[in-house]
Amino acid sequence: MYFGLSYLSMTAGIATSVIALIVSLQPILVGVLAPRFVGERVGVRRWIGLTLGLIGAGGVIVLRGALHADSIGPVLLAVGALIGITGAMLYEKRFGTAQDPLTSNLVQYSVGFVFCAPMALLFERVEVQWNPTLIAALAYLVICNSLIAISLLLVMTRAGRVSQVASLFFFVPPAAALLSYFFLGEVLPPAAWWAMGVAVLGVAIATWQKRA
Numbered sequence: 001m002y003f004g005l006s007y008l009s010m011t012a013g014i015a016t017s018v019i020a021l022i023v024s025l026q027p028i029l030v031g032v033l034a035p036r037f038v039g040e041r042v043g044v045r046r047w048i049g050l051t052l053g054l055i056g057a058g059g060v061i062v063l064r065g066a067l068h069a070d071s072i073g074p075v076l077l078a079v080g081a082l083i084g085i086t087g088a089m090l091y092e093k094r095f096g097t098a099q100d101p102l103t104s105n106l107v108q109y110s111v112g113f114v115f116c117a118p119m120a121l122l123f124e125r126v127e128v129q130w131n132p133t134l135i136a137a138l139a140y141l142v143i144c145n146s147l148i149a150i151s152l153l154l155v156m157t158r159a160g161r162v163s164q165v166a167s168l169f170f171f172v173p174p175a176a177a178l179l180s181y182f183f184l185g186e187v188l189p190p191a192a193w194w195a196m197g198v199a200v201l202g203v204a205i206a207t208w209q210k211r212a
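Each residue of the sequence shown is one higher than the last, beginning at 1 in UniProt numbering.
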């Protein structure tokens, strides 16, 4: 649901910066819902960290790209992606601890395939023009994104507090900005560097724990 709706919103014409800004609300949404659904108390210190993380991550996104959307439809798709990843983390924390992470990964992608494949056949032209760039992008998405990243997310969600794990999502906009800076030559305004620092500080505060 998360990946599918994110990609659909991109193809519908919404700016990637808008998608990133919407999805960056995920740690806040997890913090709001965690006490109700997984019985996890989110204290004042963690809320301070989550707020700083949102300010920093949002600042990086806004400073890097224009925020525009031609219609409400793509925005709703991005909101659906936000709800999907939030619900998945809370469900995993509450009900998924008994299953092996690799098994959980296999099940969720199998279900995703069963749902998305008919939609693709109905609404899209199934035509692929293979080239090295496409193959490299697919390999990265499958290996790094779908297998490694999601498996690590499942393991961390089970081992720690879900609000702490969710705060790590605030690292995504700064990390993307740094990769664009070093590998694509993208120029970052000075304020974006400060925003990165705020995001890192927020995550540090949200994830900090006293040693026993």
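Note that CB positions come from ideal geometry on N, CA and C, so glycine has one too.
{"query": "Could you check what DSSP says for Trp208 in three-state terms: helix, strand or coil?", "result": "coil"}
{"query": "For Leu154, which residues from the same chain have a beta carbon less than 8 Å from its beta carbon, with the 5 sequence-adjacent residues on both sides left out?", "result": "Glu92, Gly96, Pro101, Ser104 and Asn105"}
{"query": "Taking the straight line between their C-alpha atoms, what separation do you get for Gln209 and Ser17?", "result": "32 Å"}
{"query": "Are the CB atoms of Pro27 and Phe169 within a distance shorter than 8 Å?", "result": "yes"}
{"query": "Since I believe Ile22 is in contact with Val62 (beta carbons under 8 Å), could you give me their beta-carbon distance rounded to a whole number of angstroms?", "result": "Not a contact, Cβ separation roughly 13 Å."}
{"query": "Check this for me: beta carbons of Ala202 and Thr51, under 8 Å apart or not?", "result": "The sequence shown places Gly at residue 202, rather than the Ala named in the question. In contact: Gly202 and Thr51 (Cβ atoms closer than 8 Å)."}
{"query": "Compare the C-beta of Ile28 with all C-beta atoms of chain B and state if any pair is closer than 8 Å.", "result": "Looking for chain B here will not work: only one protein chain is present."}
{"query": "Can you give me the C-alpha to C-alpha distance between Ser163 and Ala206, rounded to a whole angstrom?", "result": "8 Å"}
{"query": "So, with DSSP's three-state summary, where would you put Pro189?", "result": "coil"}
{"query": "For Pro190, which residues in the same chain have their Cβ closer than 6 Å to its Cβ, ignoring the five residues on either side in sequence?", "result": "none"}
{"query": "For a test of the three-state rule: what should DSSP assign to Ala96, helix, strand or coil?", "result": "The displayed chain sequence assigns Gly, not Ala, to residue 96. Coil, per DSSP."}
{"query": "Pro81 and Tyr2: beta carbons closer than 8 Å?", "result": "Correcting the residue type first, residue 81 is Ala in the shown sequence and not Pro. It is a contact, given that the beta carbons lie within the stated cut-off."}
{"query": "Drop a sphere of 10 angstroms on the beta-carbon of Ser167, count the other beta-carbons inside from all chains shown, and report buried for 16 or more, exposed for fewer.", "result": "buried"}
{"query": "Among Val165, Leu33 and Gly65, which one has its Cα closest to the Cα of Ala20?", "result": "Gly65"}
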